[in-house]
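*Asks:* Residue numbers (my numbering): 132 to 376.
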Amino acid sequence: MGACSSILKQIIVVAANEVAQQQEESKPTSQQPAKPSLHHDEFKPSSQKVSSGDAVYSSLPANAEKVDVRNVYDGDTLTLKNEDRVRFVGIDTPEIKENEPFAAEAKEYTRSRCNKGDLYLVQSRGRDKFDRILAYAYVRQDDGSFLCLNEGLVASGLAVAYSPSVSERPDNWDKLLSLQSRAREKGLGRWSQFEDRDVVKTANGSAYHLRSCEHLSSVRNLTEMKESEAIEKGLHPCRSCLTLG
């Protein structure tokens with residue numbers, strides 16, 4: 132009888148342990164957030180967003196290269212420690228040397244973020260006529276995500292979407308126009324001073340002008356429109372006759 136009692140106790144203990152283990156395994160476990168991947172086959176601005184409508188990505192394009200910044204000249208131009216100069220592709224910020232409105236704010240936007248986090252470049256179309264590297268610029272943020280400075284400047288109203296010609300428009304052109312439209316609607320940055328002027332454009336030009344622009348003295352067949360319409364079409368202000376804001 133004593134042996135049977137001992138065996139029975141062992142069976143009860145084993146069964147109790149199994150029940151406890153099953154209960155422990157059935158408890159809900161907290162899921163750790165997946166770390167952002169740092170590899171992509173190609174640059175796809177709209178498909179890698181953490182949230183729609185912003186300029187933040189969960190990961191970098193595969194061909195992104197980490198660089199060291201020596202100096203930020205203005206919002207869209209900087210110099211690397213190897214002396215290469217970089218121009219952010221697809222955008223245009225106010226000119227520091229011309230003391231244009233919001234030029235200082237655009238420069239500070241870029242400078243503060245370059246100083247705070249690692250900077251990565253994705254080269255776009257080689258170099259421009261001033262021998263500057265044309266690139267998308269990304270900054271690693273505290274949460275591990277990546278801010279695209281090109282898009283962030285436009286989203287903040289500190290830059291306009293810009294391309295010298297239709298054929299040179301960057302891959303994220305539609306995204307830039309969407310961010311620009313939203314910033315204008317909210318009156319952000321330089322859009323806070325926006326007045327919807329009457330402007331004109333040439334048949335094949337990528338810029339819009341005031342009718343009095345010196346470049347149009349011998350041009351015929353101009354198309355008239357409001358400045359807001361020109362912006363929505365992806366045109367940029369003439370550097371000679373117009374300063375936005």
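Idealized CB from N, CA, C, for every residue including glycine.
Note that the structure is predicted; figures quoted are calculated from it, not measured.
#1: So for E196, helix, strand or coil by DSSP?
#2: Hey, which unbroken runs of the beta strand (DSSP E) at 3 residues or more fall wholly within the stretch 264–314?
#3: Just reading off the beta strand (DSSP E) that E226 is part of, what are its end residues?
#4: Count the other C-beta atoms from every protein chain shown that fall within 10 angstroms of the C-beta of D223, then say buried if there are 16 or more, exposed otherwise.
#5: Distance check for K228 and S343, CA to CA, integer angstroms please.
#6: When DSSP labels each residue in this structure, what does S182 get in the three-state scheme?
#7: Tell me whether S255 sits in a helix, a strand or coil according to DSSP, three-state version.
#8: Could you tell me the distance, in whole angstroms, from the CA atom of Y240 to the CA atom of M356?
#9: Taking the alpha carbon of A286 as the point to measure from, which residue in W322, P368, D302, Y204 has its own alpha carbon closest?
#10: What did DSSP end up calling T208 once you bin it into helix, strand or coil?
#11: For the alpha helix (DSSP H) that contains T354, what are its first and last residues?
#12: Anyone know if the C-beta pair for V378 and S337 falls short of 8 Å?
#13: Taking all protein chains shown into account, do 16 or more other C-beta atoms lie within 10 angstroms of the C-beta of K364, making it buried, or fewer, making it exposed?
#14: Specify, as a first and last residue, the run of the beta strand (DSSP E) that K332 falls within.
#15: Could you give the DSSP three-state label for L347: helix, strand or coil?
#16: Does the count of Cβ pairs from the stretch 322–331 and the stretch 246–261 closer than 8 Å reach three?
#17: Alpha carbons only, please: which of L341, L308, N352, D199 is nearest the one belonging to D249?
#18: Can you tell which of E316, Y204, E231 has the C-alpha that lies nearest to the C-alpha of R263?
#19: In whole angstroms, give me the CA-to-CA distance for H171 and L307.
#20: Taking a contact to mean a Cβ-Cβ separation below 8 Å, would you say L319 touches F219 in this structure?
#21: Return helix, strand or coil for R244, following the three-state DSSP convention.
#22: Please tell me whether R201 and T208 are closer than 8 Å, where the distance is taken between their beta carbons.
#23: When we look at the beta-carbon of Y269 and count the other beta-carbons within 10 Å, is it buried (16 or more) or exposed?
*Replies:* Concretely, from the data shown:
#1: Here E196 carries a strand assignment [DSSP, helix/strand/coil].
#2: The stretch 264–314 contains these whole beta strand (DSSP E) runs: 264–271, 277–279.
#3: Judged by DSSP secondary structure, E226 falls outside any beta strand (DSSP E); it is assigned neither H nor E.
#4: Per the 10 Å Cβ criterion, buried.
#5: Each residue's Cα considered, the two are about 24 Å apart.
#6: Here the model assigns S182 a pLDDT of 37, short of 50, so the residue's position is not dependable and the matter cannot be decided.
#7: Strand at S255.
#8: Y240 and M356: Cα-Cα distance of roughly 32 Å.
#9: Here the closest residue by C-alpha is W322.
#10: Here T208 carries a strand assignment [DSSP, helix/strand/coil].
#11: Run containing T354: none in the alpha helix (DSSP H); it sits in the beta strand (DSSP E), 354–357.
#12: For residue 378 there is no data in the structure shown, the boundaries of the chain being 132 and 376.
#13: A residue is called buried once 16 or more other Cβ atoms fall within 10 Å of its Cβ, and K364, having fewer, is exposed.
#14: Residues 329–332.
#15: Looking at L347 - three-state DSSP - the assignment turns out to be helix.
#16: Flag = no, the stretch 322–331 and the stretch 246–261 do not touch.
#17: D249 has its Cα closest to that of D199, out of L341, L308, N352, D199.
#18: In terms of Cα proximity to R263, the closest of E316, Y204, E231 is Y204.
#19: Interpretation of H171 is limited by its pLDDT of 32, a score under 50 that renders its predicted location unreliable; the figure taken from the coordinates is listed afterwards. Going by the C-alpha atoms only, they are around 21 Å apart.
#20: With respect to F219, L319 sits apart: the two C-beta atoms are not nearer than 8 Å.
#21: R244 falls in the helix class under three-state DSSP.
#22: Cβ distance not < 8 Å, so R201 and T208 don't count as in contact.
#23: Around the beta-carbon of Y269, 16 or more other beta-carbon atoms lie within 10 Å, marking it buried.
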